[in-house]
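Chains as they are written, first to last, in the numbering used here: chain A, 1 to 298; chain B, 1001 to 1427. We treat Cβ as the ideally placed atom computed from N, Cα and C, and that holds for glycine.
Here it is as structure tokens:
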């Protein structure tokens, strides 16, 4: 019997059928929920609605370049992400190192540090919105008690302080996550390299720089990657805290995409902006992975 | 322009749709309403109708922030899921221009011969919103809730400092200054601000700016539909708004309705433009520290006579409704004066002259005469399908000017350019 015939033999077919059956549901779900919407959004981004009907063009992408709202929102997003990421990483690393050592009551510290992370972003947003209220809020109320003149401290209403305020809220909420991942990473480092470093007579700083940090690299990669992706698409807290204001001071790209899609009903342009955000997020992730993994190998 | 005959006719027919309509109970309607007092009233009406006639009515409520997108997505997809929808009036041009709504007149005529709907006692300013094009075109909806902005001020403070009731914007500015200066150690150890407004970007800033803008002689569009917000009148109006801002609580550039409400209820601000929905809270001891002290009046004037923004809730029948006749019948019934009185008792200002003048209602709502006058002198937001986008852009620049990042002239120039871009794209 020729080989090809044997391949399609009844027995073989049965053997193929079973795995195919097992894979089919997952494949169907993936197709319906992931691949189809992706292709659909590509087609939407290439369509423009005109009074004469729907036109296929790159017009939505061309419009991005001349749209000052889009460019400003993009810039805000990167300022926001860079500032929040730096603070969260440094604070999270510091806390992880601190609570990795044997200090009294560290269990209580650890547990209490996790509370902000447990709150939904919307709840955190509302709580901070109330606390930051310039007239009735807890923060200005406390400052006033200490004799600080709060007249100019309008937080989310001030074009200068609004961005700082929304960054601070993100740092407050997400530093615990960075801390948690890095702490897990620290605890997974075996004792031997430290003992070797001790015998070699390295200082605490040298130990940190040459032993702890390289061994922590996988955890750092994960936490930076996850936080960056989250920060670039930030929506809920800012939507609650400032709705992008005052003026346009804290409008991030996700807010602008949301408005374009669901307020102005321009899905094509919103899809185009989403793809640009997706591309940028991918590029940044690729850089992280390359940078942090290459060194690990060497 | 109000013909009592047609009112009587409508009443009669309205009655019949819900009392005489003894069709099989299989009939069904689905209504999309806004969550909150406006939608609740319609929901109660639907329950009454259901109890009387056996017509099954599903009421689906959405928060204000989601209602527009839900309705527009559904109507564009032509699913016919809703037989009636509640619309905030600025959304109406978008729905009507995309031909998503049922033109009502043919259905009304089909029911019972010619009906001069222009003449029933619906207020002109409300009914005009339901026509596309505005005021002159075909009828695609009926007005259900008749809101228009009012001017709120603290009459006790005005009496204390012997200020005259605010009739012009200059009166307002002078009073704001006096109160700000003389009440520097007022309630809770803090000062009482002369004025309070919303200048958060988007709808809030635009709504609190438009009455000033119009009073100063500003217009958003010239007769050819080109934007003209950066004319001297517009810039002067924005300068004036910022001047008023000096006597407003710090941070007003990010205020929304709840911030303004809080200041007024706590007695920390003396004047404001606001919507009638807030009136009842001022006499609620659980919320208000200023019971009996707040006065409500019509919009102050400037170069032009004062006009508030109108903000009505309309009810329309989607083009793809599967029960158009039944939906139209329900719509007529729900907007009869009898039903509208019930809606008013549930907290919604009516859109009918006769209901505004109903002695029982006036006794319970002493501000009804003022609300009626205000509604009659109100102006709609510009009737364009792109209003959401235009309002967003305009609001961003008003907010920027109020938070000090742009000068009024720069803000208006940039706003004008941005609005022009939006209209250009639409061409």
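For the candidate residues the options, whose alpha-carbon lies nearest to that of residue i?
i                      : options                           : result
residue 1129 (chain B) : B:1096, B:1252 and B:1157         : B:1096
residue 1251 (chain B) : B:1298, B:1311, B:1276 and B:1197 : B:1197
residue 1039 (chain B) : B:1088, B:1029 and B:1078         : B:1088
residue 301 (chain A)  : B:1403, B:1427, B:1415 and B:1280 : This structure does not reach residue 301 (chain A), given that chain A is present from 1 up to 298, and the question cannot be answered.
residue 1135 (chain B) : B:1411, B:1345 and B:1383         : B:1383
residue 1030 (chain B) : B:1048, B:1215, B:1296 and B:1323 : B:1323
residue 1315 (chain B) : B:1080, B:1142, B:1072 and B:1035 : B:1142
residue 190 (chain A)  : A:150, A:214, A:206 and A:261     : A:214
residue 1156 (chain B) : B:1422, B:1318, B:1296 and B:1358 : B:1296
residue 91 (chain A)   : A:172, A:28, A:238 and A:17       : A:172
By the 10 Å Cβ neighbour count, where 16 or more other Cβ atoms means buried, how is residue i classified, buried or exposed?
i                      : result
residue 1208 (chain B) : buried
residue 23 (chain A)   : exposed
residue 1311 (chain B) : buried
residue 1151 (chain B) : buried
residue 56 (chain A)   : exposed
residue 1365 (chain B) : buried
residue 82 (chain A)   : exposed
residue 121 (chain A)  : buried
residue 1126 (chain B) : buried
residue 88 (chain A)   : buried
residue 148 (chain A)  : exposed
residue 1023 (chain B) : The pLDDT assigned to residue 1023 (chain B) is 46, lower than 50, so where the model puts this residue is not dependable; a value taken from the coordinates is nonetheless given after this. Exposed, since its Cβ has fewer than 16 Cβ neighbours within 10 Å.
residue 1025 (chain B) : Any reading at residue 1025 (chain B) needs caution, since the residue's pLDDT is 42, under 50, leaving its predicted position unreliable; the model's value is listed next. Exposed.
residue 289 (chain A)  : exposed
residue 157 (chain A)  : buried
Between the alpha carbons of residue i and residue j, how many angstroms are there, rounded?
i                      : j                      : result
residue 1139 (chain B) : residue 1092 (chain B) : 11 Å
residue 253 (chain A)  : residue 1401 (chain B) : 22 Å
residue 119 (chain A)  : residue 230 (chain A)  : 16 Å
residue 154 (chain A)  : residue 145 (chain A)  : 16 Å
residue 300 (chain A)  : residue 174 (chain A)  : With chain A covering 1 to 298 only, the question about residue 300 (chain A) has no answer from this structure.
residue 1061 (chain B) : residue 1076 (chain B) : 19 Å
residue 1417 (chain B) : residue 1393 (chain B) : 10 Å
residue 1419 (chain B) : residue 1398 (chain B) : 13 Å
residue 1409 (chain B) : residue 1180 (chain B) : 27 Å
residue 1335 (chain B) : residue 1271 (chain B) : 34 Å
residue 1042 (chain B) : residue 1033 (chain B) : 8 Å
residue 170 (chain A)  : residue 1329 (chain B) : 53 Å
residue 180 (chain A)  : residue 125 (chain A)  : 22 Å
residue 211 (chain A)  : residue 232 (chain A)  : 31 Å
residue 1424 (chain B) : residue 1279 (chain B) : 41 Å
residue 283 (chain A)  : residue 114 (chain A)  : 31 Å
residue 1266 (chain B) : residue 1133 (chain B) : 43 Å
residue 218 (chain A)  : residue 102 (chain A)  : 24 Å
residue 1268 (chain B) : residue 1292 (chain B) : 15 Å
residue 1108 (chain B) : residue 1327 (chain B) : 11 Å
Give a yes or no on whether the C-beta atoms belonging to residue i and residue j are separated by under 7 Å.
i                      : j                      : result
residue 44 (chain A)   : residue 271 (chain A)  : yes
residue 216 (chain A)  : residue 185 (chain A)  : yes
residue 285 (chain A)  : residue 221 (chain A)  : no
residue 1374 (chain B) : residue 1308 (chain B) : yes
residue 1078 (chain B) : residue 1320 (chain B) : yes
residue 954 (chain B)  : residue 1200 (chain B) : Absent from the model: residue 954 (chain B). The displayed extent of chain B is 1001 to 1427, so no value can be given.
residue 1396 (chain B) : residue 247 (chain A)  : yes
residue 139 (chain A)  : residue 132 (chain A)  : yes
residue 1216 (chain B) : residue 1302 (chain B) : yes
residue 228 (chain A)  : residue 166 (chain A)  : no
residue 1059 (chain B) : residue 1046 (chain B) : yes
residue 1230 (chain B) : residue 1412 (chain B) : yes
residue 73 (chain A)   : residue 256 (chain A)  : yes
residue 1422 (chain B) : residue 1389 (chain B) : yes
residue 1100 (chain B) : residue 1351 (chain B) : no
residue 1218 (chain B) : residue 1233 (chain B) : yes
residue 1344 (chain B) : residue 1362 (chain B) : no
Report the residues of the segment 243-254 of chain A with a CB closer than 7 Å to any CB of chain B, ordered along the chain. With the criterion set as a beta carbon lying under 7 Å from some beta carbon of chain B, the members of the segment 243-254 of chain A are 243, 244, 245, 246, 247 and 248, in sequence order.
Could you list the residues in the segment 143-158 of chain A with a C-beta less than 8 Å from some C-beta on chain B, going in chain order? 151, 152, 154, 155, 156, 157 and 158
Any C-beta of chain A within less than 7 Å: which residues of the segment 1172-1201 of chain B qualify? 1200 and 1201
The segment 1055-1082 of chain B: positions lying closer than 8 Å to chain A by Cβ: 1068, 1069 and 1072
Counting only Cβ-Cβ distances shorter than 8 Å, please list the residues of the segment 130-141 of chain A near chain B, keeping chain order. 133, 134, 135 and 136
Return the residues of the segment 1130-1142 of chain B that lie within a Cβ-Cβ distance of less than 9 Å from chain A, sorted by chain order. none
Beta carbons nearer than 9 Å to chain A: which residues of the segment 1231-1257 of chain B have them? 1249, 1250, 1251, 1252, 1253, 1254, 1255 and 1256
Using a beta-carbon distance cut-off of less than 7 Å, what residues from the segment 1205-1227 of chain B approach chain A? none
Listed in chain order, which residues of the segment 257-276 of chain A have Cβ atoms closer than 7 Å to some Cβ of chain B? 259, 262, 263, 264 and 265
Going along the chain, which residues of the segment 1369-1395 of chain B sit with their C-beta nearer than 7 Å to a C-beta in chain A? 1388, 1389 and 1392
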